[in-house]
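There are 2 protein chains.
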Amino acid sequence: MAIQDTDATADIIPDFSKGLLPAIVQDDATGEVLMLAFMNEQAFRKTLETGEAHYWSRSRNELWHKGETSGHVQKVRALRLDCDNDAILLLVSQIGGAACHTGRQSCFYRECRDGKVHFCSPKIFDPEQVYGKRKF
Amino acid sequence: MAIQDTDATADIIPDFSKGLLPAIVQDDATGEVLMLAFMNEQAFRKTLETGEAHYWSRSRNELWHKGETSGHVQKVRALRLDCDNDAILLLVSQIGGAACHTGRQSCFYRECRDGKVHFCSPKIFDPEQVYGKRKF
Chain A
1 MAIQDTDATA DIIPDFSKGL LPAIVQDDAT GEVLMLAFMN EQAFRKTLET
51 GEAHYWSRSR NELWHKGETS GHVQKVRALR LDCDNDAILL LVSQIGGAAC
101 HTGRQSCFYR ECRDGKVHFC SPKIFDPEQV YGKRKF
Chain B
137 MAIQDTDATA DIIPDFSKGL LPAIVQDDAT GEVLMLAFMN EQAFRKTLET
187 GEAHYWSRSR NELWHKGETS GHVQKVRALR LDCDNDAILL LVSQIGGAAC
237 HTGRQSCFYR ECRDGKVHFC SPKIFDPEQV YGKRKF
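Each protein sequence line maps, in turn, to chains A and B. Using the working numbering, you'd call the opening residue of the first sequence number 1 and step up by one each time. Using the working numbering, you'd call the opening residue of the second sequence number 137 and step up by one each time.
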């Protein structure tokens, strides 16, 4: 069955008039969802300009170049936008192999499945060795 | 190298004191990110109780049982929580094959890769046939 594509335009223009927008970060190679952060227009532009993920840190209230301290940056391979233009999906290569400040591959490392909670994402590094005693 | 798991507890208790929390919805079988919505505690509880995804609709300001009208519900196979307890990941089976109100498999159907924008998610149904002339 052929279905027309008339309702869609191929622009990628997030609507930042809605405020900070959630950005889902997914591993481009494996499909694992690594983290969720927020972007404003400045973070979005810096991401496009540099090819490395930038977010808006709500706790520090400043632009956040993910991995700037540790070197564990996220190389953006592709970028998707949702139907309402208010959620962003980044497909990345995570340098260092872990997106989470706990050293785990994914921030979503706890899973409930079949009524049981288990850890679903491996620990890649010891955060103290990467970040020292820095508090998050 | 063995790395201790001492920083993690295996509870799944979202922190709704932070307000509405973003919920990423991922296809449990394929890993495709289907949509992003928001949950409050009521939506989270209804999701656990029923095994079908419930969200909080910010536009209608009401509990939203996804697929209630169309029958295209999301059967929750697993649920993950992030390190800060403020982002949720649902792994679902999407009944009807499409999560987006446009009839596409994923709401994230526009992708920019290698400098080119293209449609990355197929259209599964004609929304007029499923929803009629309903406005979103």
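Backbone N, C-alpha and C fix where the C-beta goes; we use that ideal spot for every residue, glycine too.
Practice task
Scan the segment 39-75 of chain A and note each continuous beta strand (DSSP E) run of 3 residues or more that stays entirely inside, going in chain order.
Solution key: Every beta strand (DSSP E) stretch that sits fully inside the segment 39-75 of chain A and reaches 3 residues is listed by chain position as 54-57, 62-65.
Practice task
Hey, could you find the ends of the alpha helix (DSSP H) Gln137/A is sitting in?
Solution key: Here chain A covers residues 1 to 136 and nothing more, so residue 137/A does not appear.
Problem - Cross-chain neighbours of Gln94/A in chain B, by beta carbon under 7 Å - result: Sequence index remark: in the first sequence, residue 94/A carries index 94 (1-based). Those do not exist, as Gln94/A stays about 15 Å from chain B at its closest Cβ, beyond 7 Å.
Problem - Beta-carbon spacing of Arg246/B, Lys259/B below 8 Å - result: For the purposes of this step, residue 246/B is taken as the residue at position 110 of the second sequence. For the purposes of this step, residue 259/B is taken as the residue at position 123 of the second sequence. Here Arg246/B is not near Lys259/B, since their CB atoms are 8 Å or more apart.
Practice task
Using 10 angstroms around the beta-carbon of Ala29/A, count the other beta-carbons present and answer buried if the total reaches 16, otherwise exposed.
Solution key: Working through the first sequence from its first residue, we reach residue 29/A at position 29. Classification for Ala29/A: exposed.
Problem - Cβ shell of Asp15/A (< 6 Å), same chain only, five flanking positions each side left out - result: For the purposes of this step, residue 15/A is identified with residue 15 of the first sequence, where counting begins at 1. Closer than 6 Å at Cβ, skipping near neighbours: Asn85, Asp86.
Problem - Residues of its chain near Gly278/B, where Cβ-Cβ distance is below 6 Å and the 5 sequence neighbours each way are ignored - result: This structure cannot speak to residue 278/B, because chain B is shown only from 137 to 272.
Exercise for the section: With 8 Å as the threshold, decide whether the Cβ of Ala43/A is near any Cβ in chain B. Expected result: On the first sequence, position 43 is the one that residue 43/A refers to. With 8 Å as the cut-off, Ala43/A does not count as an interface residue toward chain B.
Handout entry: Span of the beta strand (DSSP E) around Ser93/A
Key = Locating residue 93/A in the first sequence gives position 93, where the first residue counts as 1. Run containing Ser93/A: 88-94, per the beta strand (DSSP E) assignment.
Practice task
Have a look at the DSSP bridge pairing and note the partners of Ile160/B.
Solution key: On the second sequence, position 24 is the one that residue 160/B refers to. Bridge partners of Ile160/B: Leu172/B, Leu225/B.
Handout entry: Neighbour list for Val33/A in chain B, Cβ cutoff strictly below 9 Å
Key = Residue 33/A sits at position 33 when you count from the first residue of the first sequence. Simply Ile160, Gln162, Gly167, Val169, Arg216, Leu225.
Handout entry: Beta-carbon proximity of Gln210/B to Val33/A, cut-off 8 Å
Key = Here residue 210/B refers to the residue found at position 74 when the second sequence is read from its first residue. Here residue 33/A refers to the residue found at position 33 when the first sequence is read from its first residue. The Cβ atoms of Gln210/B and Val33/A do not sit closer than 8 Å to each other.
Problem - Partners in chain A for Leu172/B, counting only beta-carbon separations shorter than 7 Å - result: The sequence position of residue 172/B within the second sequence is 36, counting from 1. Residues of chain A passing the Cβ test: Pro22, Ile24, Asp82, Ala87.
Practice task
Using 10 angstroms around the beta-carbon of Lys202/B, count the other beta-carbons present and answer buried if the total reaches 16, otherwise exposed.
Solution key: Within the second sequence, residue 202/B is the residue found at index 66, counting from 1. So Lys202/B ends up on the buried side.
Handout entry: Burial state of Ile88/A, where buried means 16 or more other Cβ atoms lie within 10 Å
Key = Along the first sequence, one-based indexing puts residue 88/A at 88. Looking at its Cβ environment, which holds 16 or more other Cβ atoms inside 10 Å, Ile88/A is buried.
Practice task
For chain A, find out if any of its Cβ atoms is closer than 8 Å to the Cβ of Phe244/B; answer yes or no.
Solution key: Start at 1 with the first residue of the second sequence, and residue 244/B comes out as number 108. For Phe244/B, a Cβ of chain A is located within less than 8 Å of the residue's own Cβ.
Practice task
Could you confirm whether any beta carbon from chain A is found closer than 8 Å to the beta carbon of Arg196/B?
Solution key: Locating residue 196/B in the second sequence gives position 60, where the first residue counts as 1. Taking Cβ atoms only, chain A never reaches closer than 8 Å to Arg196/B, which makes this a no.
Exercise for the section: Output yes if chain B places a C-beta closer than 8 Å to the C-beta of Glu52/A; else output no. Expected result: Here residue 52/A refers to the residue found at position 52 when the first sequence is read from its first residue. By this cut-off, Glu52/A is not an interface position.
Handout entry: Alpha-carbon to alpha-carbon, Asp126/A and Ser195/B
Key = For the purposes of this step, residue 195/B is taken as residue 59 along the second sequence, with counting starting at 1. For the purposes of this step, residue 126/A is taken as residue 126 along the first sequence, with counting starting at 1. Using only the alpha carbons, I get a separation of about 42 Å.
Exercise for the section: Specify, as a first and last residue, the run of the beta strand (DSSP E) that Lys123/A falls within. Expected result: As a first step, residue 123/A must be located in the first sequence, where it is residue number 123. Taken as a continuous stretch (DSSP letters only), Lys123/A belongs to no beta strand (DSSP E), as it is neither H nor E.
Problem - For Ser153/B, the nearest candidate out of Leu172/B, Asn176/B, Leu227/B, Val266/B (CA to CA) - result: As a first step, residue 153/B is located in the second sequence; it is residue number 17 there, counting from the start. Nearest to Ser153/B by C-alpha distance, out of Leu172/B, Asn176/B, Leu227/B, Val266/B, is Asn176/B.
Problem - Sub-8 Å separation of Arg216/B and Cys120/A beta-carbons - result: Residue mapping note: residue 216/B aligns to position 80 of the second sequence, counting from 1. Residue mapping note: residue 120/A aligns to position 120 of the first sequence, counting from 1. Taking 8 Å as the Cβ cut-off, Arg216/B and Cys120/A qualify as a contacting pair.
Practice task
Using DSSP bridges, identify the partner residues of Cys248/B.
Solution key: Residue mapping note: residue 248/B aligns to position 112 of the second sequence, counting from 1. Beta-bridge pairing links Cys248/B to Leu79/A, Val253/B.
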